[in-house]
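Numbering (my numbering), first residue to last: 132 to 782.
Glycine included, C-beta positions come from ideal geometry on N, C-alpha and C.
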Amino acid sequence: MMHPLISVIIPVYKVEAYIAKCVDSVLSQTYANIEIILVDDGSPDGCYKICEDYVQKDHRVKVIHKENGGLSSARNAGLDIARGEYIGFVDSDDYIAADMYQKLLEAIKKEKADLAICDTVVIYEKEDVEVYKPLKDETLNKFEAFEALLDGFNVITVWNKLYSKHIFKNLRFPDGRIHEDEFIVHRVFNACAKIVTISDKLYYYVKRQGGIMLSGYTLKRLDAWYAFYDRYLFFRDNVDKRQAKIVYRCCYEIIMTALQKIDMSVSENKKVISTLFWRTFFGLLRNGDLRAGKLLLVKIKGIYSFLKNIRSYALFISYESCRKLQKKVKQKRIIIFNIPEHGNIGDIAIAVAEYLNLSDYIKQEQICQITNKVYLSCFKHFYKSITNNDVIMIHGGGFLGTLWISEEEICRDIIQRFPDNKIIIFPQTIYFEDSEYGKEQLEISKNIWQSHRNLYVCLRERNSYEFVIENMVGGNFNNAYLIPDIVLYLNKSLPNLEREGVLFCFRKDKEKVFSEHDFTRLTKTVLELKESIVISDTVIDKPVRLKEHEAEFEKKINEFKSAKLVITDRLHGMIFAAITGTPCIAFNNLSKKVEGVYDFIDYLDYIVFVQSIDEALQYMERLLNMGRQKYDNAPLMPYFRLLAQLVEENV
132 MMHPLISVII PVYKVEAYIA KCVDSVLSQT YANIEIILVD DGSPDGCYKI
182 CEDYVQKDHR VKVIHKENGG LSSARNAGLD IARGEYIGFV DSDDYIAADM
232 YQKLLEAIKK EKADLAICDT VVIYEKEDVE VYKPLKDETL NKFEAFEALL
282 DGFNVITVWN KLYSKHIFKN LRFPDGRIHE DEFIVHRVFN ACAKIVTISD
332 KLYYYVKRQG GIMLSGYTLK RLDAWYAFYD RYLFFRDNVD KRQAKIVYRC
382 CYEIIMTALQ KIDMSVSENK KVISTLFWRT FFGLLRNGDL RAGKLLLVKI
432 KGIYSFLKNI RSYALFISYE SCRKLQKKVK QKRIIIFNIP EHGNIGDIAI
482 AVAEYLNLSD YIKQEQICQI TNKVYLSCFK HFYKSITNND VIMIHGGGFL
532 GTLWISEEEI CRDIIQRFPD NKIIIFPQTI YFEDSEYGKE QLEISKNIWQ
582 SHRNLYVCLR ERNSYEFVIE NMVGGNFNNA YLIPDIVLYL NKSLPNLERE
632 GVLFCFRKDK EKVFSEHDFT RLTKTVLELK ESIVISDTVI DKPVRLKEHE
682 AEFEKKINEF KSAKLVITDR LHGMIFAAIT GTPCIAFNNL SKKVEGVYDF
732 IDYLDYIVFV QSIDEALQYM ERLLNMGRQK YDNAPLMPYF RLLAQLVEEN
782 V
């Protein structure tokens, strides 16, 4: 379309003195093919009539009158009826240059971009004009735009932009929040392949004396904390760990400001601030920002006496682990990094199996387990206690690659920090997505692996092994080994428990491939066979501390041992069934690791791997009638002896 329609959404609330200047500036645009959507958000002043007058005055103006729901609610209401191919937002007490949308649209067309951003002039009532850090004329991909978010006022705000409508297909502003721009801008950028910025100052942002952001500091201002925390999680999981840490610093700054400006003698204030304080504090420790953590501590009286009562949590565990490591410095040690303390019992089982496997041929006092939290928060406290003679091992699982990028980055960090140590990665799955981002991340990891002189990587299925041989071997790195998931080292088929029913164990995260329709068909068949159904998962909704690992693992194992049949798409659902002698139907998942690990245990006739629901239904009755089985892992022991040899060479 030569002249695509632009929908301009203007929320309206208590702005009768300003709205005319705002709407007139939009109606006066040199680009004429626009629709203006005025959203009267229950304004109690004369805005209702002003909006209706504009509808009569110009056919391009529409109005929505609604109950007051806040700025986000108003913008969402406008988005719901917008017809334009492009979307713009203007706040009703601001105004825009006559050629703003024409220039933004021209920039989008020229660069084939999804989003265009212009520069802004900030005007304080009865004060001088202030110009923020200027924008440049440039084109960015979404990752460059994420970088710009770290210090750019102009790239954060919602109103100095022209958006392709597809950006808002599955995106809306958070109802009931202020700082709504901060909540969504990273998700806006994530929906864009290309973003263009222009240096022209075309949007006039008026800061009024009675505006929300210039009024007193209240708990509502802490919406910013939640916005930045959401962005931190997004950056951590999808973008870059370094940038995530910078974003998290904003959470720290917000809490520091709140402690200075909010009356802590008010019970509700104290409760809210206290909750966010501790979340921020422990987040700083996880990110290794100990200096900021200490500064935050001194802001609350009595903090040190409080810390004495949290011996089971982050600080105490961290410093106890550091002290334990330092105490053993005179011996050669096996130091296992990145031990989990989350609720994935599959990962917990791996940690248990790793420790028990090593304990069979190495003295337990030589084994040190360093949790993920301890590594991230207290590394500098134990770094000097590690000698070049120590063997560094990295916890196994399925986190190498882009599927769980934050874990991949920790692995990279460990490899780079110990260039002179022997490093062994317990059996892993590796998966890099087939995209430009995936290729970039693969290149980073490959360079790190090939730079290390003594790195040994164990892969737990053939796809991962062949991927590493094809893509990672080179330079100093040529030590890749095909070794089964370490949990298969354990045998839990005894003692016997009474068995009944069918246990369903299916993924709910981004690796799932199972549909609701599939689930319904399975359920119907099981019930027709007059069997009860138990819904379980290898993930529980609470963290599992290091000292709780074995107990929680045994609890989950007993669930599987009590079933007549397990049906699962979880790798450790299949493995738990195998080691407990429980018949099992296993489906694949996104990274194909279930299929890969099944190749090691296909000799177990009570474990069946299937590609479809129809195939699963054919096996169900036979497996239900098999009864209790005995797990035999003798065919796998040569692999585990190879792993032992890798470790024993240095110990």
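Going by C-alpha distance, which of the options is nearest residue i?
i    : options                : result
V648 : D250, D745, Q374       : At residue 648 the sequence reads His, which differs from the Val that was named. Taking only the C-alpha atoms, the option nearest H648 is D745.
D730 : R630, V633, S595, K661 : S595
Q760 : F707, L748, I315, A747 : F707
E690 : E275, N627, I298, Y335 : N627
E679 : K570, V657, T533, A482 : A482
E564 : A163, L531, C542       : L531
L586 : N602, L653, F549, I716 : F549
R191 : I212, Y360, N400, I165 : I165
M756 : P714, I732, Y734       : Residue identity differs from the one stated: residue 756 is Asn in this sequence, not Met. Taking only the C-alpha atoms, the option nearest N756 is P714.
I498 : K504, V618, Y506, L489 : L489
K401 : F274, L353, V378       : L353
R410 : I377, D245, E183, C382 : C382
I377 : Y506, E278, Y486       : E278
Can you tell me which of the three DSSP states residue i falls into?
i    : result
N164 : coil
E592 : coil
G219 : strand
M524 : strand
F365 : helix
H703 : helix
F718 : coil
A775 : helix
V633 : strand
I555 : strand
Q742 : coil
K692 : helix
N475 : strand
V675 : coil
H134 : coil
Assuming the contact rule is C-beta atoms closer than 8 Å, residue i and residue j should be a hit. Round their C-beta distance to whole Å, please.
i    : j    : result
G727 : Y762 : Not a contact, Cβ separation roughly 19 Å.
S138 : R214 : 6 Å
L634 : V697 : 5 Å
I254 : K338 : 7 Å
I181 : I150 : 6 Å
T349 : K267 : No, T349 and K267 are not in contact; Cβ-Cβ is about 37 Å, not under 8 Å.
S693 : E629 : 7 Å
D176 : K197 : With 8 Å as the limit, D176 and K197 do not qualify as a contact, their Cβ atoms being about 16 Å apart.
V588 : N602 : Not really, about 12 Å apart at Cβ, beyond 8 Å.
L293 : V286 : So it is not a contact: roughly 14 Å between Cβ atoms.
Q572 : G527 : At roughly 20 Å, the Cβ-Cβ gap does not stay under 8 Å, so Q572 and G527 are not in contact.
N503 : N469 : 5 Å
Y217 : S295 : 6 Å
Give a single yes or no on whether residue i has its beta carbon closer than 7 Å to a heavy atom of the ligand HEM.
i    : result
Y357 : The ligand HEM is absent from the structure shown, which contains no ligand whatsoever.
Within its chain, find whatever has a CB closer than 6 Å to the CB of residue i; leave out the 5 residues flanking it on each side and keep chain order.
i    : result
F637 : F645, D700
G209 : I140, I168, V170
R303 : N207
T288 : D312
F220 : I140, V289, W290
G569 : T533, F563
I523 : I466, F549, N552, I554
L621 : A484, I710
F608 : W580, Q581, L586
D222 : W290
Give every residue of the same chain whose Cβ lies closer than 8 Å to the Cβ of residue i, excluding the five residues on either side of it in the sequence, and list them in chain order.
i    : result
S346 : Reliability of the predicted coordinates at S346 is poor, the pLDDT of 47 falling under 50, and the value obtained from them is presented with this limitation in mind. Closer than 8 Å at the Cβ level, and outside the excluded window around S346, lies no residue.
I600 : A611
V741 : I716, A717, F718, A747, Y750
I212 : I168, K193, I195
Tell me which same chain residues have a C-beta within less than 7 Å of the C-beta of residue i, skipping the five on either side of it?
i    : result
L613 : L590, R593, Y596
R367 : A375, S537
G632 : E662, S663, I664, V665, A694, K695
S159 : A229
E574 : none
K351 : I309
D189 : L158
E147 : D176, G177, C178, I181
On the DSSP bridge assignment, give the partners of residue i in chain order.
i    : result
P142 : V170
G532 : Y562
S295 : Y217
T651 : Answer is none; T651 lacks a bridge partner.
A611 : V588
T108 : This structure gives no information on residue 108, because the portion of the chain shown stretches from 132 to 782.
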